[in-house]
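*Asks:* This structure is in structure tokens; I'll ask about it shortly.
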């Protein structure tokens with residue numbers, strides 16, 4: 002399945018958030034609420050073979066919060082797709098497997114001067130047998146601020162994790178700010194070693210750009226038992 006959603010927001014004259022463009026396509030359904038813009042899953046997945054994208058544009062002085070209503074569970078593809086993964090090269094760079102991945106979700110966000118974005122989705126879940134890639138691209142004007150959360154749970158209860166690779170590319174005022182990639186699960190060397198996630202079943206990171214003026218309390222999407230969460 003190929004699907005793309007897009008949101009363009011601006012600051013109104015009264016300071017309220019104005020949605021200039023709000024376009025959804027199943028399974029990516031966008032729903033504005035008093036608590037921000039929520040992404041609702043219109044179907045299970047991402048499923049093997051899905052190619053999904055979300056484009057966000059936050060205009061000058063506007064402040065946008067994006068959340069999801071539930072965790073995103075990446076599921077395996079067809080038997081033929083799974084067989085093609087056997088013997089593939091190690092997941093060293095997301096770009097090298099961009100055209101081969103079983104499922105992928107691309108998020109692109111552009112922030113104008115004085116704009117603010119809080120990207121706070123619930124965790125992704127790498128279900129057994131999946132092979133999923135998330136690509137996040139963040140482009141900020143010099144005075145823009147952002148909080149960007151990324152969390153993944155390795156497998157559902159009682160199962161081994163699938164393969165999950167996530168990358169974040171952030172630029173500030175046209176200059177590189179961050180290039181980050183994390184790959185876990187089958188095909189990723191030493192992913193469960195002490196240098197990566199160790200014995201943890203979940204890992205998360207938060208990027209803070211500028212001074213968003215908000216507390217980071219409660220920015221973690223899921224609640225996990227002590228000792229089961231690794232943070233970068």
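In my numbering, the protein residues as written are 2 to 233. A virtual CB, placed ideally from N, CA and C, is assigned to each residue, including glycine.
When burial is assigned at 16 or more other CB atoms within 10 Å of the CB, is residue 223 buried or exposed?
*Replies:* Within the chain shown, the letter at position 222 stands for residue 223. Note that residue 223 scores a pLDDT of 47, beneath 50, so its modelled location is shaky; the value from the coordinates is reported in the next line. Label assigned to residue 223: exposed.
*Asks:* Measuring only the C-alpha atoms, how far is residue 54 from residue 200?
*Replies:* Stepping through the chain shown from its first residue, residue 54 is reached at position 53. Stepping through the chain shown from its first residue, residue 200 is reached at position 199. Here the C-alpha atom of residue 54 lies approximately 32 Å from the C-alpha atom of residue 200.
*Asks:* Return the Cβ separation of residue 23 and residue 8 in integer angstroms, given the expectation that the two are a contact with Cβ distance under 8 Å.
*Replies:* Numbered from 1 along the chain shown, position 22 holds the residue referred to as residue 23. Numbered from 1 along the chain shown, position 7 holds the residue referred to as residue 8. Right, the Cβ-Cβ distance comes to about 5 Å (below 8 Å), so this counts as a contact.
*Asks:* How is residue 165 classed by DSSP in three states: helix, strand or coil?
*Replies:* As a working mapping, residue 165 is identified with position 164 in the chain shown. Residue 165 falls in the strand class under three-state DSSP.
*Asks:* One question on the structure: do residue 75 and residue 142 come within less than 8 Å of each other, judged by their Cβ atoms?
*Replies:* The residue you call residue 75 lines up with position 74 of the chain shown. The residue you call residue 142 lines up with position 141 of the chain shown. 8 Å or more divides the Cβ of residue 75 from the Cβ of residue 142.
*Asks:* Kindly indicate which residue of 50, 52, 120, 60 has the alpha-carbon position closest to the one of residue 37.
*Replies:* Sequence index remark: in the chain shown, residue 37 carries index 36 (1-based). When 50, 52, 120, 60 are compared, the shortest CA-CA separation from residue 37 is found for 120.
*Asks:* Which whole runs of the beta strand (DSSP E) in the segment 119–178 are 3 residues long or more, in chain order?
*Replies:* Those beta strand (DSSP E) runs which fall completely within the segment 119–178 and span 3+ residues are 125–127, 132–141, 146–155, 164–173.
*Asks:* If I'm right that residue 155 touches residue 110 with Cβ under 8 Å, what's the distance once you round it to whole angstroms?
*Replies:* Residue 155 sits at position 154 when you count from the first residue of the chain shown. Residue 110 sits at position 109 when you count from the first residue of the chain shown. With a Cβ gap of about 26 Å, residue 155 and residue 110 do not count as contacting.
*Asks:* By Cβ distance below 6 Å, which residues in the same chain neighbour residue 137 in space, the five residues on each side in sequence not counted?
*Replies:* Mapped onto the chain shown, residue 137 falls at position 136. Closer than 6 Å at Cβ, skipping near neighbours: 108, 169.
*Asks:* Within 10 angstroms of its Cβ, does residue 124 collect 16 or more other Cβ (buried), or is it exposed?
*Replies:* Reading the chain shown from its first residue, position 123 is the one you call residue 124. By the 10 Å Cβ count, residue 124 comes out buried.
*Asks:* So, with DSSP's three-state summary, where would you put residue 39?
*Replies:* Position 38 of the chain shown, counting from 1, holds the residue named residue 39. Correct three-state label for residue 39: strand.
*Asks:* Taking the alpha-carbon of residue 57 as reference, which of 6, 158, 30, 185 has the nearest alpha-carbon?
*Replies:* Against the chain shown, residue 57 aligns to sequence position 56. Closest by alpha carbon: 6.
*Asks:* Would a C-beta distance cut-off of 8 Å place residue 174 and residue 208 closer than the cut-off?
*Replies:* For this step, residue 174 is matched to residue 173 along the chain shown. For this step, residue 208 is matched to residue 207 along the chain shown. It is not a contact, given that the beta carbons lie outside the stated cut-off.
*Asks:* Report yes if the C-beta distance between residue 104 and residue 49 is below 8 Å; otherwise report no.
*Replies:* Within the chain shown, the letter at position 103 stands for residue 104. Within the chain shown, the letter at position 48 stands for residue 49. Yes. Within cutoff.
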